[in-house]
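Line by line, the protein sequences are chains A and B.
Numbering follows this note's numbering, in which position 59 of the first sequence is assigned residue number 59; successive positions increment by one, without gaps.
The number in this note's numbering is simply the position in the second sequence, starting from 1, with 1000 added.
Data first, discussion second: the structure below is written as structure tokens.
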Amino acid sequence: MGEALSLLGQPSGRAGALMNSSEELIARARLGDHEAFRLIFDRYARPIISFVYDMVGRRELAEELTQETFVRAYKNIKGLRDETKLSTWLFGIAKNVARESLRSRIKDDRKVGIDDERIMELADGGVTPHDQLLNKELNGVIREALGALDEDKRLVFTLKIFQQRSYEEIAEITGSSIPKLKTDLHRARAEMRRRIRPYLGVGYEV
Amino acid sequence: MKCERCQPLIEDYFDGELQQRIASQVSAHMGSCSACAKLGAEIKLEREIYSRYQREVDVTAALWANVHARIQEEKQNEPPPLFGRLREWLAPSFSAPRLSPALAAALVVLTIGITVGVMSYLQSRTSGPTQVATKDGPETKDPNTGSDKQLEAVDPNGSGGKDTPTTPTPLEPGQQKLIVAKKKTPAEADPDRLVRQAEQKYLAAIAILSRDLGSRRRQLDPETRARFDFALAEIDHTIYATQQAVRGNPSDPIALGYLLTAYSKKVEFLRDTARDETEANRPF
């Protein structure tokens, strides 16, 4: 994690370039502008890798699938019809890539694996050791709960709760109807709630 | 607003999915109803917990480096630009270093031969089982010349659809090519006229084959249909490119040769597909 990139920490030239609109970047990337595609990557890599990780539950696999997502995006960027929907388009590719990976696993291994031994070492500044421990534990609980959801529910839950996409966007990404999405999301929330219930109200008073 | 109406909306309220007017009603109700306010507080707390969720993944320099490497690899594996691809694809048909007008004329004659074969094949398909039965029969061979009898019916001028063979017995394309080439030598051919004639023949053959295959296309399984459509689109794209090239230089024998060969590729493709389909559907 030491070499993690941060959008805020990038050189000023790049930060300036980040002011480019998605439409401009897409137009340039279509013409083979490598830097433009790099900027698209910088802008969307974090949400995409988070989404893929939530779907597959394994770090190395999530990295590999994120690479695949961006390679596919590069190859197909000429086919992107609506430049205003770049992020939806990227999430759509990521969803396909993640689903292909999940379906290639054998049935018994279908549930997302949880990397129990690799609990996050990231620590929030200003939190007490008790809170840190609780955070780690809770991260593990959430990962397990996500992994226990079926694929459709996990997909809509991740896109709605973690990526904060609208129902319209999720419908475009998944190809599902909005009523189905709402039903899946409601059920996913209920399942997740059962799992995290012990932590509700413990050190997390709002 | 009543609790029964409010409670199912609380999740959407915090997700920002409600219209302003309804959101205001939900907010007002939660302000006056302790049960709904409690539910709202729980949902809000859940959201807070989820917002703290941290994953053990991050965007690393290595991630971009790998994407970059893969893209470079993809670029290297990309097919050459259209014209290069076209040359590559058609190279076997044009192995001679330069095409003289006479050679181009010979190619034209050759492609006409293919067309005649296709027309014969089509006739055989529509003529019923009698003709099919004679296809493999020994009586189709002329004992004196060793050639196929029906070849005598092939229009030596290779002209339009009206003059297609009157004898519907099918021929092997390879055999026809040889015979037709014998009947019309490159020296006798007028390239421009033959090009137009050949083009007309190809278009007629393509129209018939496309119509024939079109009705059966829907019965193909999705994967085969997708492959068929993709191959056809590629060929059509090539035909369009060669048409543009001919338009730019109408007297260029190389461009003309490419155009006719592109047509012949489409005819061959359609004919082979039709033949495969017929074979596949033949009862045993």
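For glycine and all other residues, C-beta sits at the position ideal for the given N, C-alpha and C.
R1055/B has a beta carbon lying within less than 9 Å of a beta carbon in chain A.
Annotation: Cβ neighbours of R1070/B in chain A (cutoff 9 Å, chain order): Q67, E68, F70, V71, Y74. L138/A has a beta carbon lying within less than 9 Å of a beta carbon in chain B. Just measuring C-alpha positions, the residue of P47/A, T66/A, Y53/A sitting nearest S87/A is P47/A.
Around the CB of I178/A, fewer than 16 other CB atoms lie within 10 Å, so the residue is classed as exposed. Look at the beta carbons and you see the region 137–152 of chain A not touching the region 58–67 of chain A: under three pairs across the two are nearer than 8 Å. Listed along chain B, the residues sitting closer than 7 Å to R193/A by beta-carbon distance are E1046. With contacts defined as CB atoms closer than 9 Å, R1055/B and N139/A qualify as a contacting pair. Contact annotation: E24/A and F91/A have beta-carbon atoms that are not nearer than 9 Å. Boundaries of the alpha helix (DSSP H) around F70/A: 59–76.
The C-beta of E1048/B has fewer than 16 other C-beta atoms within 10 Å across all chains shown, which makes the residue exposed. Contact annotation: the region 179–190 of chain A does not touch the region 97–104 of chain A, with fewer than three C-beta pairs closer than 8 Å. Between F70/A and A45/A, the gap from beta carbon to beta carbon is short of 9 Å. Contact of I1049/B with chain A by beta-carbon distance below 9 Å involves L138, I142, I196, Y199, L200, Y204.
For N1249/B, no Cβ of chain A is located within less than 9 Å of the residue's own Cβ.
F1269/B places its beta carbon 9 Å or farther from that of A1233/B. Listed along chain A is no residue with a C-beta nearer than 9 Å to that of V1267/B; the closest approach is about 30 Å. Contact annotation: I49/A and V1057/B have beta-carbon atoms nearer than 9 Å. Nearest Cα to E1017/B within the set T174/A, Q164/A, I77/A: Q164/A.
Uninterrupted beta strand (DSSP E) stretches at least 3 residues long and entirely within the region 1218–1274 of chain B do not occur. A distance of 9 Å or more separates the beta carbons of M55/A and E1046/B. Non-local beta-carbon contacts of T158/A in its own chain, meaning distances under 8 Å to residues more than five positions away in sequence, involve F51, D54, M55, L146 in chain order.
Restricted to the region 136–186 of chain A, the alpha helix (DSSP H) segments that are unbroken, complete and at least 4 residues in length are 151–157, 167–174, listed in chain order. Those residues of the region 1056–1067 of chain B placed with their C-beta closer than 8 Å to a C-beta in chain A are E1056, V1057, D1058, V1059, T1060, A1061, A1062, L1063, W1064, N1066, V1067, ordered along the chain. A residue is called buried once 16 or more other Cβ atoms fall within 10 Å of its Cβ, and R58/A is buried on that count. Contact check between the region 1027–1036 of chain B and the region 1057–1070 of chain B: fewer than three CB pairs, one atom from each, fall below 8 Å, which does not count as touching. Close to S50/A, with beta-carbon spacing below 8 Å, are these residues of chain B in chain order: R1055, V1057.
The DSSP-derived three-state label of N20/A is coil.
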